[in-house]
Ligand code: SF4
Ligand code: SF4
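Below you can see the structure in the form of C-alpha cells.
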C-alpha cells in the first residue's frame, strides 16, 4: 500500500492536507504497462458491447482539461521523458484552440461527441487523447496529468467501494483544480467575472448544444477574441503557464487551507469515510449470485464475467459453485455446504472481493 500522494502529480505533495497521507488500496489490477483491457489480437468482439478496449487507445479516449499550473509544470520540466508531451502541448498552444488563462481545454465539439457517443469509451480511435504517445502506448504528460487521468482505474482492488473512494478523490481534485486555477487567474489581475466565466467547472457545465461557428468548424478563436481573452499575456501564454506553476508551487498546507476554505474539510471527511468503507466493507449476512452478470465462455474451463465492478475471468467450476449463494442461507451455511459438496473453503478475502465487485449481492436486491 502507498498513500494518495504517490498517485498524483508531485506538486500536490507540498500543500494538500496531510489527512490524505493514509494508506490506500494498491490498484494493482489495473496493469497499465500491459493493459489488461486490450482485446487479444485475434478477437473480433471490439465492435460489440464486450468490455474490451482498443490497443490503439486503451482507456485514453478522453481529452482532459489541463489546469494552467500543470501545463506550466510540464513546460518547466526538462526531464527527457517529457519531450514528447512538451511538443504536443506547445503544438496545442500554438493552435490557440481551447487555450485559456485557466488552462488548456478540450474542443467543445469533442466534448459534445464524448457526451453523446455510445459505447465508445476505450474503443473510438477518433476520440484518442492528443497527449497519448502512440509509439510507447502511454501518456506523454504523465507527471502532470489532470484529475480524471490520475484517478481513473478500469478495475479497483476494493470493487464498487474502491470505485466510490476514487470518485470522492476525483470530485475533490476537480474542486482543487478549479480553485487553484481561479486563484492563479485572479492573482494575475484578471477581473472576477473573467475568473468565474473561464473556470474549469463553468466549462464543463456550460450547455453543450451551444457551439459557436469556430467550434463547429474546428478553427481557432478570431484574433480579436483571443487577444481579449489573454490581455497582456497574448503571445506569452507559455510564460503565463510557467508562472502559474511557480505560484502554485509556493503554496504550503496553511495557505492552501486558506484558499480552499471549509469546502475542503467537507471533501476530506467524505474521502476518509469512503476509504474506510473500501478497506472495511461490511458483508451482508445473506448473499446471492448476481442474476444480472453478463457471462462469456472462455474455452472449456473459464468464463469471462462482466459485473458492476468490471470484467473478470474465473474458473467455470468456481463460478458454478457460487450458485450455493442462493439468497436463502447465510454465509456460514454457504461456506459449510461448499466444503461438504466441493471440498472448497472460501476465504474471507475472496468472499469480500466477490461482494465488492457485486458478483455476489445482498439477498433481496
Ligand atoms: S487503467 Fe487504462 S491503461 Fe490501465 S489497465 Fe486499465 S484500461 Fe489499461
Ligand atoms: S492525458 Fe495521458 S492519461 Fe490522460 S487521457 Fe491523455 S494520454 Fe491518457
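In my numbering, the protein residues as written are -16 to 348.
We put the CB at the ideal spot given by N, CA and C, even for glycine.
Residue i, enclosing alpha helix (DSSP H) - first and last residue
i: residue 160; result: 142 to 170
i: residue 259; result: 236 to 262
i: residue 330; result: Careful: residue 330 lies outside any alpha helix (DSSP H) and carries neither H nor E.
i: residue 59; result: 51 to 59
i: residue 223; result: 220 to 232
i: residue 97; result: 91 to 99
i: residue 179; result: 175 to 180
i: residue 209; result: 206 to 213
i: residue 75; result: 66 to 78
i: residue 187; result: 183 to 188
Spatially closest choice to residue i from the options, by CA coordinates
i: residue 51; options: 228, 69, 5; result: 228
i: residue 202; options: 113, 77, 310; result: 77
i: residue 84; options: 148, 311, 170, 334; result: 170
i: residue 324; options: 189, 339, 304; result: 304
i: residue 285; options: 296, 157, 119, 54; result: 296
i: residue -9; options: 125, 243, 276; result: 125
i: residue 319; options: 329, 254, 311; result: 329
i: residue 41; options: 115, 235, 148; result: 115
i: residue 194; options: 1, 60, 96; result: 96
i: residue 103; options: 256, 43, 207, 268; result: 43
i: residue 48; options: 55, 183, 137, 139; result: 183
i: residue 279; options: 290, 271, 269; result: 290
i: residue 141; options: 261, 123, 322, 130; result: 261
Residue i CB to nearest heavy atom of ligand 1 below 7 Å
i: residue 287; result: no
i: residue 14; result: yes
i: residue 136; result: yes
i: residue 353; result: This structure cannot speak to residue 353, because the chain is shown only from -16 to 348.
i: residue 36; result: yes
Exposed unless 16 or more other CB atoms sit within 10 angstroms - verdict on residue i
i: residue 30; result: With a pLDDT of 48 at residue 30, under the threshold of 50, the modelled position of this residue cannot be trusted; read the value that follows with caution. Result: exposed.
i: residue 245; result: exposed
i: residue 109; result: exposed
i: residue 211; result: exposed
i: residue 179; result: exposed
i: residue 14; result: exposed
i: residue 249; result: exposed
i: residue 160; result: buried
i: residue 99; result: exposed
i: residue 164; result: buried
i: residue 156; result: buried
i: residue 106; result: buried
i: residue -1; result: buried
i: residue 134; result: buried
i: residue 256; result: exposed
i: residue 200; result: exposed
Endpoints, the beta strand (DSSP E) within which residue i is located
i: residue 295; result: 293 to 298
i: residue 279; result: 277 to 281
i: residue 320; result: Where residue 320 is concerned, there is no enclosing beta strand (DSSP E), although the alpha helix (DSSP H) it sits in stretches over 314 to 325.
i: residue 199; result: Taken as a continuous stretch (DSSP letters only), residue 199 belongs to no beta strand (DSSP E), being part of the alpha helix (DSSP H) at 196 to 200.
i: residue 344; result: 343 to 345
i: residue 270; result: 269 to 272
i: residue 290; result: 285 to 290
Residue i Cβ short of 7 Å to ligand 2 heavy atom set
i: residue 132; result: yes
i: residue 231; result: no
i: residue 64; result: no
i: residue 88; result: no
i: residue 112; result: yes
i: residue 45; result: yes
i: residue 124; result: yes
i: residue 128; result: yes
i: residue 325; result: no
i: residue 209; result: no
i: residue 97; result: no
i: residue 115; result: yes
Closer than 8 Å to chain B by CB, residue i
i: residue 49; result: The displayed structure is made up of one protein chain only, and chain B is not part of it.
heavy atom of ligand 4 below 7 Å from residue i C-beta
i: residue 41; result: For the structure depicted, ligand 4 is absent and the ligand set comprises only ligand 1 and ligand 2.
### Task
Write down every uninterrupted run of the alpha helix (DSSP H) in the segment 112 to 139 whose length is 4 residues or greater and which is fully enclosed by it, in chain order.
130 to 134
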